Structures are given as C-alpha cells and as structure tokens.
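Student:
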Amino acid sequence: MNRRHVLGLIGGAAVATGIGVPFATGIAGSTSTGRQFRSALRLPKPFTRPLTVPRVLDAAAGPVSIVQRPGMAEILPGIQTPIWGYGGEFPGPTIRARSGRPAIVEHHNDLPVPVVVHLHGGHTPPGDDGYPTDVLPLGGIRRYTYPGQQRAATLWYHDHRMDATGQSVWRGLAGFHLIGDDEDDALPLPRAERDLPLLIADRAFAADGSLAYPQAAEGVLGDVITVNGRAWPYAEVAGARYRVRLLNASNARRYRLALDPPGAIVQIGSDGGLLGRPVTHDAVELAPGERVDAVVDFGRYRPGSAVRLVNTFGSGSTRDVMRFQVGSRAADDSTVPARLSTVDPLPTPTRTRTFRFHAGGVHGMKGWLVNGEPFRPGVPVARPRLGDTEVWELTSDLHHPVHVHLGQFQVLGRGIRGPGAHDAGWKDTIDLRPAEQARIAVRFTDYTGRYLLHCHNLEHEDMAMMAEFETTR
Ligand code: C2O
Ligand code: CU
Ligand code: CU
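Count along the sequence shown from 1, add 5, and you get the number used in my numbering.
#1: Could you tell me which whole beta strand (DSSP E) segments of length 3 or greater appear in the region 82-145?
#2: Should the region 128-147 be called in touch with the region 156-174, which here means at least 3 C-beta pairs below 8 Å?
#3: If we call anything under 7 Å between Cβ atoms a contact, is T159 one with D298?
#4: Quick check: does the Cβ of G294 come within less than 6 Å of any heavy atom belonging to ligand 1?
#5: Could you tell me if K432 is buried or exposed, where buried requires 16 or more neighbouring beta carbons within 10 angstroms of its beta carbon?
#6: Can you tell me where the beta strand (DSSP E) with D200 in it begins and where it stops?
#7: Tell me the rounded alpha-carbon separation between R313 and A108.
#8: Ignore the nearest five residues each way along the sequence and tell me which others in S310's own chain have a CB closer than 6 Å to its CB.
#9: Please report the distance separating the alpha-carbon of R103 from that of L46.
#10: For a quick check, are the C-beta atoms of R258 and L216 less than 7 Å apart?
#11: When burial is assigned at 16 or more other CB atoms within 10 Å of the CB, is H368 buried or exposed?
#12: Rounding to the nearest angstrom, what Cα-Cα distance links I58 and R199 in this structure?
#13: Are G294 and P406 touching if we call contact CB-CB under 7 Å?
#14: So if DSSP puts H286 in a beta bridge, which residue, or which two residues, is it bridged to?
#15: When the Cα atoms are used, what is the spatial distance from W89 to P68?
#16: Is the region 316-335 touching the region 383-401, taking contact as three or more C-beta pairs under 8 Å?
#17: Starting from P415, follow the beta strand (DSSP E) in both directions and report where the run begins and ends.
#18: Exposed or buried, which one is Q220 when buried takes at least 16 other CB atoms within 10 Å?
#19: Within this structure, are the beta carbons of F474 and L463 separated by less than 7 Å?
#20: Do you know how far the Cα of G274 is from the Cα of H461?
#21: Find out if the Cβ-Cβ distance for the pair V271, T285 is shorter than 7 Å.
#22: For P195, which residues from the same chain have a beta carbon less than 6 Å from its beta carbon, with the 5 sequence-adjacent residues on both sides left out?
#23: Applying the criterion that 16 or more other CB atoms from any shown protein chain within 10 Å of the CB defines a buried residue, is L143 buried or exposed?
#24: Does any heavy atom of ligand 2 sit closer than 6 Å to the C-beta of H410?
#25: May I ask you to check if the CB of N316 is nearer than 6 Å to at least one heavy atom of ligand 3?
#26: Give a yes or no on contact between the region 409-418 and the region 111-131, applying the rule of three or more CB pairs nearer than 8 Å.
Written out as structure tokens, the structure reads:
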C-alpha cells in the first residue's frame, strides 16, 4: 500500500480480519487507534522463557559497526520467525554512548530493501538524522555520527524510510541507544544487571510463524506482546531495586503498564533523561515512541512472588506483558533520591504555531494529515530560529503520538479542558488522545537544516502524517 492510495475506514480500534483469521473477541477498546490482528497459529502460554537483554555495542570506546540483515528469531517458543535485524537480531544491539563524546555507528545494508537509520531522541545534525528519502541502498555502507551533545537518556534507533517505516520496524529494525553521563552516574540508582532496558512491541504471526505485515491504515496492532524480542518472557530478579527503561517500540499500540500484585513504579526519567524529582505511579501510559525510566523495588514483595507487568489497556493475550520472578532479598545500596536533576523551564516563547493532527480529505481521498496537508518532502511548514523558544499547539482527532526530531520539548499543558501543569520532564514524543489539545515549548539549538515532526503511529507516519520544519539562524 502506498500512502498516496485511498485510506480505508479510519476509526478507533476496529475489528480486523486477522492474518488469515478474523479477530472475534477481546478487542482492546479504543485505547489505541488501529486494527488488531490475530495470529494464525496457536499462541503459547505466557512466561515460559527467560527475558534476554540485547548485547551491548560500546560506542564510547570507538566506532561500532552494525550489519543490517535478515535473521531468524525465536520470538514464540519453538518457532523460527524470519526477521530483519540490526546485526540480524531483534531487538538490535544496545548502543552505549557517552554524553559529550561522538558516537559513530557504521551501518551495512545487507537487507533486501533500502534503509534509513534514525536515532530517536538524538540531537543530530540533519545529514545524519535519517531523513526518510536519505536512504542507504542495498549493499551500501554508511557512517552515522551522533555528536552526543545531550544529557544522559534512553534513546532508540529504528528505520525511517519513506512510506516503509511501519513494515521495517515490524520486521525487527529497532534497538536501544543509551547515553550515559556523569550526573546520572553520580546518583545512587540501581546499576549493571539491575538496569534493565525493556523494549515492548506487539506482533501478530502468520500460520508459518512469519511476521506478515498486515495492511491497516489506522495502525497495526498484534495479539502477542514481546519484550526484548520474546513473547511474554519472565525475568528472575533479586529482592532489590531495579531500574527499568521502558520503551514502547510498537507500531500503534498504547500501553498502560502496572504491576500485579500492585506496586509502585517510581518514574525517574522520560524521553529526554532524568526528571527533576521522582514521580510515583500506580501505572504508566506509554504511546509508540515514548520511554519511561523507572525504579521498581522487588524487595517489597515476598521472596518467591510472581509479579506480572500487565497492560491494563489490553485484554486477553494483550493484557500480559512479562513476569518478574522475585528471588530472595539481596544486598541493595541503591536509593531513589528526592532530587534527581534540574529541569529548568525554557525561556519565554517568542511565537506560537499550531499543528493539527487530523484525518481529512485530499484530492477526494481520505488521509492522515498535519494541518490539512500530507507530508511534502522538501517543503518546510515552519522555520524556527535556533535558540528561540516557540509554543507549538497540537490538536488531534484520534490517538496520535506526536514526535519532534532534533530536540526534546517541555509540555506546558494538555487536556481537552485546557492546559494544566504537567511536569513530564524533557519529552520528544507526546501522546495526544482523541480530541486533545496540548501546548509544548520547543527550542532548537546547534544545527540548521530539515527535520521532521510526525505521528509515531507508524502507519499514520507512512500514510503521510508528517511535516518538515527547517531550523535557521
Ligand atoms: Cu522515532 Cu521520526 O521517529
Ligand atoms: Cu525521532
Ligand atoms: Cu497518528
């Protein structure tokens, strides 16, 4: 399907014909905009396989290299699924980088399609930001340089090719990129094997175990929840605090994550790194592209407890995410300090712009649009000046997780009842709910050039819900 083709029905979560099988029950309400597909094979019992953690490439030590190639992954137990992977793996290796030090990542394309690499949340010059038409062709090699002039944060990298991002990410092209810095290191937070990156993504499988990419202009939702590439894994944890870096790498699914039995999820960071102060939640909502860094204290559970991470937006197979198997109490000198970092409000804004994320008609066809227009490469809709603070007013019709490249922003207010204070720290993706308005303060620095603002429901993005802005001096 090409984004210029007619969109079918655009609605909330809709009943879908599955991958060969119609989906009959357990539709996840209207918590995500998308169509839920049902796998055409029998789903396994959850929590039968251990969580794995992607291998680490240390880009702080020197250039690293990634071969993008087809691979096989055991996402479901006993079933080999062909994937496209960074290093042939899903998720790709975790890149570790250091604030203030450039990270150089050399990508080789051994996939059957052109690719574009984007570092989501990266403060990246335009030439290496992964513009959707700036492709790495078949057989090509290319070095992406990420200067690292940004604070510690949980970032991720994924494919960003024009009209094809949904399919490429669905097949496996996603991984973590973690930036560390002295400020984060100096905090007494859980570290090493008690610092778990968790890449959460839903998928649906064809009868042969493949990840057929179904077509749904509203967004593709699967019936299997994977964490770090495995369906509903379990993790053996000590009775101690853990830092969990939650990333929603799903194409279109939104999650509301909670512990069962209930327990506190203490948020310490968001898309752009540490919050000023920790925030204790019963549950955290995560739209595609968003990250939440949190600390969970498993020492509060009795040894031997099984603690599920559940998605309270889901039902049936999409309600379970993973399970923590709590071991005996362990020595733990970590704490969550009352002050984590300093998040200064941006200076007074100099102008306001409005971006509407709505479905609409173009040339008699329905499409996903920004301010009534489909994405037009090379035609900037805004020219913010470096160093200026601007207020961007965002409005939505349905669920649209809006993502801004180049720099993190601050949320000034949101909600259909008008703005309200909301200390979300530094964000690069904001989860707009149906008929919502939000105001964000943006301020770009360092690099002039073409960047993107788009919906991170990947099917909406591929169907042109994207706009270009050009930063200027
Ligand atoms: Cu995570 Cu423009 O993308
Ligand atoms: Cu991005
Ligand atoms: Cu959208």
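C-beta: ideal position from N, C-alpha, C; glycine also.
It should be emphasised that the depicted structure is a prediction, and the values quoted were computed from it without experimental measurement.
Tutor: Short version:
#1: Annotation: the region 82-145 contains the following complete segments of the beta strand (DSSP E) (minimum length 3 residues), in chain order: 86-91, 99-103, 108-114 and 122-125.
#2: They touch, by the three-pair rule.
#3: Walking along the sequence shown from the start, residue 159 turns up at place 154. Walking along the sequence shown from the start, residue 298 turns up at place 293. With respect to D298, T159 sits close: the two C-beta atoms are nearer than 7 Å.
#4: The sequence position of residue 294 within the sequence shown is 289, counting from 1. In this structure, the C-beta of G294 approaches ligand 1 to less than 6 Å from one of its heavy atoms.
#5: Locating residue 432 in the sequence shown gives position 427, where the first residue counts as 1. Buried.
#6: Locating residue 200 in the sequence shown gives position 195, counting from the first residue. Counting along the chain, the beta strand (DSSP E) containing D200 begins and ends at D200 to R208.
#7: Here residue 313 refers to the residue found at position 308 of the sequence shown. Here residue 108 refers to the residue found at position 103 of the sequence shown. Distance between the alpha carbons of R313 and A108 is about 36 Å.
#8: Translated into the one-based positions of the sequence shown, residue 310 becomes position 305. Correct list, in chain order: V331.
#9: As a position in the sequence shown, residue 103 is number 98, starting the count at 1. As a position in the sequence shown, residue 46 is number 41, starting the count at 1. Spanning the alpha carbons of R103 and L46 requires a straight line of approximately 43 Å.
#10: Reading the sequence shown from its first residue, position 253 is the one you call residue 258. Reading the sequence shown from its first residue, position 211 is the one you call residue 216. No. Outside cutoff.
#11: As a first step, residue 368 is located in the sequence shown; it is residue number 363 there, counting from the start. In the assembly as shown, H368 is an exposed residue. Its beta-carbon has fewer than 16 other beta-carbons within 10 Å.
#12: Your numbering for residue 58 matches position 53 in the sequence shown. Your numbering for residue 199 matches position 194 in the sequence shown. Residue identity differs from the one stated: residue 58 is Val in this sequence, not Ile. Near 12 Å, if we compare the C-alpha coordinates of R199 and V58.
#13: The count along the sequence shown starts at 1 and reaches residue 294 at position 289. The count along the sequence shown starts at 1 and reaches residue 406 at position 401. Contact annotation: G294 and P406 have beta-carbon atoms nearer than 7 Å.
#14: On the sequence shown, residue 286 is found 281 positions in, with the first residue counted as 1. I270, per the DSSP bridge assignment.
#15: On the sequence shown, residue 89 is found 84 positions in, with the first residue counted as 1. On the sequence shown, residue 68 is found 63 positions in, with the first residue counted as 1. Distance between the alpha carbons of W89 and P68 is about 22 Å.
#16: Segment contact: the region 316-335 against the region 383-401, fewer than three CB-CB distances shorter than 8 Å; contact not assigned.
#17: Stepping through the sequence shown from its first residue, residue 415 is reached at position 410. First, the amino acid is wrong: residue 415 is Gln here, not Pro. Start and end: F414 to R419.
#18: Against the sequence shown, residue 220 aligns to sequence position 215. It is exposed - the Cβ of Q220 has fewer than 16 other Cβ atoms within 10 Å.
#19: Along the sequence shown, one-based indexing puts residue 474 at 469. Along the sequence shown, one-based indexing puts residue 463 at 458. Cβ distance not < 7 Å, so F474 and L463 don't count as in contact.
#20: Position 456 of the sequence shown holds residue 461. Position 269 of the sequence shown holds residue 274. Straight-line Cα distance between these residues: approximately 20 Å.
#21: By one-based count along the sequence shown, residue 271 stands at place 266. By one-based count along the sequence shown, residue 285 stands at place 280. With contacts defined by Cβ atoms closer than 7 Å, V271 and T285 form a contacting pair.
#22: As a first step, residue 195 must be located in the sequence shown, where it is residue number 190. Non-local C-beta neighbours of P195 in its own chain, meaning closer than 6 Å and more than five positions away in sequence, comprise R246, Y247, R248 and S339, ordered along the chain.
#23: As a position in the sequence shown, residue 143 is number 138, starting the count at 1. When all chains shown are included, L143 counts as exposed.
#24: Position 405 of the sequence shown, counting from 1, holds the residue named residue 410. Relative to ligand 2, the beta carbon of H410 is positioned inside 6 Å of a heavy atom.
#25: The residue given as residue 316 occupies position 311 in the sequence shown. For N316, the CB stays at least 6 Å from every heavy atom of ligand 3.
#26: Verdict: yes, contact present.
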